[in-house]
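Encoded as structure tokens, the structure appears first; notes follow it.
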Amino acid sequence: MASFDDVVSGLNGDPRTRREVIRALTALGLMAPAAGMFKAMPAAAAPVVGGTPINFAHYQADAKTLVVGLDGAPSDRDPHSQYDYRSTLVIRAVYEGLLGLKGASTEEFEPLIAESWESNDDMSVWTFKIRPGITFQNGDPCDSNAVKASYERMLAMGKGAVAVFSRFVSDPAQMSCPDAGTIVFDLGAPQPLFPTALAATYGPQVVNVNVAMANEVDGDFGNAWMQLNSEGAGTGAYVVSEYDPASGVVLVQNPTYWGGWDGDHLERIIVRVVEEPGTMRQLVENGDVDIMDRFSVQLEDVESLTANANLNVVPEDSTEVEYWTMTVGGVLESVEARMAMCYAFPYSDTIAGVFKGLATQTPTLVAPMVRGYADGIPVFPTDLEKAKELLATAGVPEGTELSVMMGSGADSATAELFQANLAQIGINLMIEKVDQPTFVGTFYGDAPAEERPAFMRWSWWPDYNDAWNVLQPTTACDAWGSKGSNGGFYCNPAFDELLAEAKDASTLETYEAVLKQAQEIIGVQDPPVISIAQPKWTTVLNKKVNGFAFNAINLGTYDFFNMSKSE
Numbered sequence: 392m393a394s395f396d397d398v399v400s401g402l403n404g405d406p407r408t409r410r411e412v413i414r415a416l417t418a419l420g421l422m423a424p425a426a427g428m429f430k431a432m433p434a435a436a437a438p439v440v441g442g443t444p445i446n447f448a449h450y451q452a453d454a455k456t457l458v459v460g461l462d463g464a465p466s467d468r469d470p471h472s473q474y475d476y477r478s479t480l481v482i483r484a485v486y487e488g489l490l491g492l493k494g495a496s497t498e499e500f501e502p503l504i505a506e507s508w509e510s511n512d513d514m515s516v517w518t519f520k521i522r523p524g525i526t527f528q529n530g531d532p533c534d535s536n537a538v539k540a541s542y543e544r545m546l547a548m549g550k551g552a553v554a555v556f557s558r559f560v561s562d563p564a565q566m567s568c569p570d571a572g573t574i575v576f577d578l579g580a581p582q583p584l585f586p587t588a589l590a591a592t593y594g595p596q597v598v599n600v601n602v603a604m605a606n607e608v609d610g611d612f613g614n615a616w617m618q619l620n621s622e623g624a625g626t627g628a629y630v631v632s633e634y635d636p637a638s639g640v641v642l643v644q645n646p647t648y649w650g651g652w653d654g655d656h657l658e659r660i661i662v663r664v665v666e667e668p669g670t671m672r673q674l675v676e677n678g679d680v681d682i683m684d685r686f687s688v689q690l691e692d693v694e695s696l697t698a699n700a701n702l703n704v705v706p707e708d709s710t711e712v713e714y715w716t717m718t719v720g721g722v723l724e725s726v727e728a729r730m731a732m733c734y735a736f737p738y739s740d741t742i743a744g745v746f747k748g749l750a751t752q753t754p755t756l757v758a759p760m761v762r763g764y765a766d767g768i769p770v771f772p773t774d775l776e777k778a779k780e781l782l783a784t785a786g787v788p789e790g791t792e793l794s795v796m797m798g799s800g801a802d803s804a805t806a807e808l809f810q811a812n813l814a815q816i817g818i819n820l821m822i823e824k825v826d827q828p829t830f831v832g833t834f835y836g837d838a839p840a841e842e843r844p845a846f847m848r849w850s851w852w853p854d855y856n857d858a859w860n861v862l863q864p865t866t867a868c869d870a871w872g873s874k875g876s877n878g879g880f881y882c883n884p885a886f887d888e889l890l891a892e893a894k895d896a897s898t899l900e901t902y903e904a905v906l907k908q909a910q911e912i913i914g915v916q917d918p919p920v921i922s923i924a925q926p927k928w929t930t931v932l933n934k935k936v937n938g939f940a941f942n943a944i945n946l947g948t949y950d951f952f953n954m955s956k957s958e
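Read in order, the letters of the sequence shown are residues 392 to 958 in our numbering.
Structural data, given as structure tokens:
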């Protein structure tokens with residue numbers, strides 16, 4: 392098992408890595424998994440994977456091959472433990488859930504393993520009909536019992552995005568299979584958002600448990616093998632033919648895919664790891680990489696990339712929000728002090744200068760495209776006089792020193808703008824760049840508030856289209872430190888009561904009304920963070936690429952089955 396330093400080395404305090412961190416901390420035993428409930432099977436030897444760099448030049452002249460540039464390697468190919476966007480790009484090609492989001496829609500579903508579904512009148516019981524004849528890639532049937540076994544494995548492992556499913560189904564006894572073509576979920580209470588969770592980007596993909604458990608070692612449910620292998624384990628349109636953790640992945644068509652291969656489809660997808668943005672840009676401009684997105688695109692390059700006649704540049708509103716945590720303790724313990732920081736922040740200068748205009752200020756952690764977003768909550772303006780008045784009310788004297796912590800590779804431009812504003816009202820901001828283990832260990836650590844920096848840079852987007860899925864892990868009282876992603880140790884009991892009410896709301900109307908009250912608390916009355924901006928998610932594509940549909944929930948992933956390339 393890797394050490395803590397091994398797990399977090401290379402992270403730059405960058406928001407895209409936070410799911411990787413959660414997955415890694417769970418694997419190291421630093422975040423508690425759910426109690427085991429699955430019977431282990433005899434172990435089988437795991438095959439050797441990787442080690443040979445992929446010969447990209449062998450493929451790239453092929454018009455049936457799509458090359459996706461990625462800024463880091465997919466590190467975990469097990470849907471039930473992975474929690475990072477790089478790995479998800481590959482997983483969503485190999486595995487499927489019962490249903491998924493349709494095209495660019497964040498609210499319309501398409502049938503995948505399930506061909507249909509329905510609920511009882513109060514939406515407490517959901518019944519899914521499995522697509523007749525569907526099989527895993529090794530020919531094993533993917534019937535209702537296989538689907539149930541997959542969800543049982545996920546619950547038993549308690550890793551990755553298990554909470555997406557366990558929020559609704561925490562006990563295998565809630566699932567039943569009246570016949571091979573039907574699975575029933577008894578949720579015990581009305582849950583209108585259950586299909587939304589089953590369409591999540593992270594977590595609910597169905598795996599072939601027979602394959603996983605044939606490679607089980609020391610009660611790990613086959614997880615170690617599945618992190619590096621997927622032969623016969625999914626139902627998706629593509630299978631992995633080559634995998635080298637250092638250079639990338641090659642995916643080829645699954646010949647028995649239930650969707651069939653009539654029409655124009657990609658025969659091969661290459662996920663090519665290119666960590667240096669300048670190199671990535673050159674490969675895209677030369678036609679050696681067909682797609683790159685947000686975390687490889689340098690914002691200062693967007694104008695020139697847009698002018699390139701061979702490229703399509705697609706900046707889209709997403710569900711991501713960048714923010715700074717504020718530690719509720721010491722200088723920032725009072726509401727007035729935290730509100731002062733919100734008024735002092737240079738929003739317009741940050742959006743214009745750092746984001747190059749490709750972002751929009753947001754009032755809370757919930758982006759406008761997320762279900763449950765509350766309209767009408769005002770954003771904080773930059774008002775240094777108001778900030779100074781609030782600091783005086785809070786009893787914060789001039790000359791007070793605050794610190795912001797960020798990873799050693801993070802851009803400090805935003806912090807320097809904030810530093811200049813705070814200096815005008817008598818507050819000294821220290822910019823503290825630390826090694827990656829220190830940054831991650833602080834954010835997800837349990838050190839008391841008085842030992843934490845005043846600010847930490849972070850971001851979040853939901854696992855599925857649900858504002859509760861944004862607010863609970865980032866802001867709830869029980870999500871401090873190693874228990875979640877509440878890095879500022881914020882706790883407001885009234886807010887938590889509203890979260891609990893929203894979690895079990897019997898109708899969407901109630902859910903939205905309750906979450907509006909919750910967002911009014913954190914957006915107006917008692918801010919836990921400085922909500923900075925919703926960045927545009929910019930995708931750059933070769934103009935030969937067809938069928939791309941940006942989905943604001945499935946960030947950083949692609950519906951490869953419905954894509955193609957022109958000659």
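C-beta atoms are modelled at their ideal positions from N, C-alpha and C, and glycine is treated no differently.
Where residue i falls: helix, strand or coil (DSSP)
i	result
Pro563	helix
Gln528	coil
Phe952	helix
Met545	helix
Met671	helix
Gly938	coil
Thr479	helix
Gly947	coil
Arg663	strand
Ala426	Residue confidence for Ala426 is low, a pLDDT of 30 falling below 50, so the modelled location carries little weight and cannot support an answer.
Glu499	coil
Asp635	strand
Asn703	strand
Tyr738	helix
Leu756	coil
Phe519	strand
Cys533	coil
Glu789	coil
Thr587	helix
Met912	The question names Met, but residue 912 in the sequence shown is Ile. The answer is helix: DSSP assigns Ile912 an H, G or I state.
Glu958	coil
Pro926	strand
Ala418	Note that Ala418 has pLDDT 40, beneath the 50 cutoff, so the model's placement of it is unreliable and the number below is only indicative. DSSP places Ala418 in helix when its eight states are reduced to three.
Asp869	helix
Where the alpha helix (DSSP H) through residue i begins and ends
i	result
Trp508	Trp508 -> not in any alpha helix (DSSP H); beta strand (DSSP E) instead, spanning Ala505 to Ser510.
Gln582	No alpha helix (DSSP H) contains Gln582, which DSSP labels as neither H nor E.
Ser794	It is not in any alpha helix (DSSP H) - Ser794 instead sits in the beta strand (DSSP E) that spans Glu792 to Gly798.
Gln815	Ala804 to Gln815
Trp616	Asn614 to Leu619
Ser557	Val553 to Ser557
Leu889	Pro884 to Lys894
Val459	Run containing Val459: none in the alpha helix (DSSP H); it sits in the beta strand (DSSP E), Thr456 to Leu461.
Met821	Careful: Met821 lies outside any alpha helix (DSSP H), inside the beta strand (DSSP E) at Asn819 to Val825.
Thr716	It is not in any alpha helix (DSSP H) - Thr716 instead sits in the beta strand (DSSP E) that spans Val712 to Met717.
Leu690	Element bounds for Leu690: n/a, residue is neither H nor E.
Limits of the unbroken beta strand (DSSP E) element including residue i
i	result
Pro444	From DSSP, Pro444 is part of no beta strand (DSSP E); its letter is neither H nor E.
Phe846	Phe846 to Trp851
Asn856	Looking at the DSSP string, Asn856 is not in any beta strand (DSSP E), and its letter there is neither H nor E.
Neighbourhood of residue i by C-beta, 7 Å cutoff - its chain only, sequence neighbours within 5 removed
i	result
Glu958	Ala454
Asp584	The amino acid occupying residue 584 in the given sequence is Leu; Asp does not appear at that position. Once the five neighbours on either side are set aside, the close Cβ partners of Leu584 are Asp857.
Val688	Thr929 and Val931
Met730	Leu781 and Pro918
Asn953	Gly938
Cβ shell of residue i (< 6 Å), same chain only, five flanking positions each side left out
i	result
Gln752	Tyr738, Val770 and Ala924
Val459	Val662 and Ile682
Gly491	Glu501, Leu503 and Ala590
Pro563	Glu543
Arg843	Thr718
Val602	Gly623 and Ala624
Arg483	Thr948
Nearest-angstrom beta carbon gap, residue j and residue i [assumed within contact, 8 Å]
i	j	result
Ala840	Thr718	5 Å
Ile921	Ser638	In fact, because the Cβ distance is near 39 Å, the residues do not count as touching under 8 Å.
Ala909	Phe886	6 Å
Leu899	Ala867	About 21 Å separates the two Cβ atoms, so there is no contact after all.
Gly767	Trp859	Not a contact, Cβ separation roughly 19 Å.
Other residues of its chain near residue i: CB distance less than 8 Å, five sequence neighbours each side excluded
i	result
Asp684	Trp928, Thr929, Thr930, Val931 and Gly947
Val516	Ser510, Val575, Phe576, Asp577 and Leu578
Tyr734	Phe771, Pro772, Thr773, Asp774, Leu775, Lys777, Ala778 and Leu781
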